[in-house]
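Engineer:
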Ligand code: KIV
Ligand code: ZN
């Protein structure tokens, strides 16, 4: 029988390290619930020592989820390990994940520690963490660029100290598949007690090889893969969950492991991550990109109509992309909406359903068919952003070829309505100038992009912005059938995220 691959999802921790991708506690909780439904084995919920916000989110998630292991990241200090344990202690199966760099370059320039000191520190950290729980993971940061024999010594010592998982990260995305496979084999054959722990891998995508390296490592004997949904993460991101899982699913004959993930939740989870973080999935992204199942060439379309397997190696339904996405129209009732939202994974209470239903009716008046993607937008904007400081109440713009664009805006700021007017070079500029005046904010707009959520001329437009203020960076996302309103919502969402970052300062980033 094949081994089960342990899927360790770090979307909430390494994924959140994508520039601008901060999530509030409610958003993290929603995503954690979806990850549990997807069936991942471990959720790395955050890095509690980094900020109060992270601590709170990890603690809430650990207290709520009952069918998944919850991990928290910690450096090797007692303070970090105490914070990690404090946050996850209510989990059904808590895991402390501690890490220390083991490459010569990191030890010399970052840690200023000798090899002996690194081993001693890692061992002490694992022993200390072990005083709280048996379930300990140790990661050798920059493992792929570490001296092989030293790496094996570190793993041997940390397993001896009680680590139940040892993780080999390709922290800077430098490895190539054959080399990484050889390294995993080397570690397995030169770490005497390796069979007492699970060997894990954690790859970054700087050369676009994260999934290839992960698959090569699994073939070489790794039994835990650390991944993120949509491959989001530090710099070029991490190994993408959907690519690994669908490779196992599609090419089982070549894979020594299986996975029990509920693949039909892959697409909804991908959408949710994109909606919450504001990071758009590139159209040609494997598995979950908008074009992943689109056939442009006539000869391909003809073949797919005759037999989908001519050009499709996976069925769209397997990842939860339903062929029939048409769901509700303006005559649909509250019950139908509630049932459909439940199918999509949103188990909302009566108050939330009431709010979503009102928004749904408003949209159904503007748009003939309300699709799943439209509903997701309503839920994300209406329910998950409850802790927002600023929200849009009213927007009117006037513009044209021979007039200066003007915007009239009413915002709700901390429960109070505030109105104003302003001008700009076009309607979006006018709206943004007015919003910035009313909120008293002064951020720079680094990026602005527009796309359509679904097909058709009545499709909702989706706008994403990237804002920066005093060194803080936040993404904002907004959707609406009216593109100017979508732009205003995206800007306001970005401003809310900046406010969140200001009120939840990262207290410690050193070492990550
Ligand atoms: O990339 C990395 O090395 C990490 C570790 C903390 C596991 O994210
Ligand atoms: Zn990482």
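Numbering (the numbering used here), first residue to last: 509 to 1020. Glycine included, each C-beta is placed from N, C-alpha and C at the ideal position.
1) Thinking C-alpha only, which one of 583, 515, 517 and 631 is nearest residue 661?
2) Alpha carbons only, please: which of 564, 732 and 838 is nearest the one belonging to residue 879?
3) Pull the bridge partners of residue 675 from the DSSP assignment, please.
4) Less than 8 Å between the CB atoms is what I'm expecting for residue 766 and residue 510, so what's the real figure, rounded?
5) At the level of alpha carbons, what is the spacing between residue 725 and residue 968?
6) From residue 513 to residue 763, what does the alpha carbon distance come to, in whole angstroms?
7) Are the CB atoms of residue 735 and residue 708 within a distance shorter than 8 Å?
8) When you measure from the CB of residue 679 to every non-hydrogen atom of the ligand NAD, does any distance come out below 7 Å?
9) Could you have a look at residue 897 and say whether DSSP puts it in helix, strand or coil?
10) Taking C-beta to C-beta, are residue 851 and residue 891 nearer than 8 Å?
11) Mind checking residue 586: buried by the 16 CB within 10 Å criterion, or exposed?
12) Can the beta-carbon of residue 582 be found closer than 8 Å to that of residue 589?
13) Rounded to whole angstroms, what is the Cα-Cα separation between residue 956 and residue 911?
14) Taking the alpha-carbon positions, what's the residue 658 to residue 857 distance?
15) Along the chain, which unbroken stretches of the alpha helix (DSSP H) at least 4 residues long are found entirely within the region 819-883?
16) With DSSP as the reference, label residue 538 as helix, strand or coil.
17) Output the boundary residues of the alpha helix (DSSP H) element that contains residue 813.
18) Could you check how far apart the C-beta atoms of residue 534 and residue 553 are, in whole angstroms? I think they sit under 8 Å.
19) If you draw a straight line from the C-alpha of residue 516 to the C-alpha of residue 776, how long is it?
20) Alpha carbon to alpha carbon, how far is residue 521 from residue 1022? Give it in angstroms, no decimals.
21) On the CB-based measure, 16 or more other CB atoms within 10 Å of its CB, does residue 813 come out buried or exposed?
22) Can you round the beta-carbon distance between residue 940 and residue 913 to whole angstroms, since I take them to be within the 8 Å contact cut?
23) Rounding to the nearest angstrom, what Cα-Cα distance links residue 834 and residue 877 in this structure?
24) Are the beta-carbon atoms of residue 984 and residue 786 separated by less than 8 Å?
25) Bridge partners for residue 985 per DSSP, in chain order?
26) Check whether the Cβ of residue 1021 lies closer than 7 Å to any heavy atom of the ligand ZN, and answer yes or no.
27) Whole angstroms is fine: what's the gap from residue 746's alpha carbon to residue 518's?
28) Below 8 Å CB to CB, which residues in the same chain sit around residue 902 once its five sequence neighbours on both sides are set aside?
Structural biologist: Working from what's here:
1) 631
2) 838
3) 647 and 708
4) 5 Å
5) 42 Å
6) 10 Å
7) no
8) Ligands in the displayed structure: the ligand KIV and the ligand ZN; the ligand NAD is not one of them.
9) coil
10) no
11) exposed
12) yes
13) 24 Å
14) 54 Å
15) 842-851 and 858-874
16) helix
17) 806-814
18) Not quite, the Cβ-Cβ distance comes to about 14 Å (not below 8 Å), so this is no contact.
19) 19 Å
20) As displayed, the chain neither begins before 509 nor continues past 1020, which places residue 1022 out of reach and without an answer.
21) exposed
22) Residue 940 to residue 913, Cβ: 11 Å. No contact.
23) Here the model assigns residue 834 a pLDDT of 49, short of 50, so the residue's position is not dependable, and the following value carries that caveat. Using only the alpha carbons, I get a separation of about 7 Å.
24) yes
25) 972
26) Since the first residue shown for the chain is 509 and the last is 1020, residue 1021 is missing from the structure and cannot be characterised.
27) 9 Å
28) 916, 917, 918 and 927
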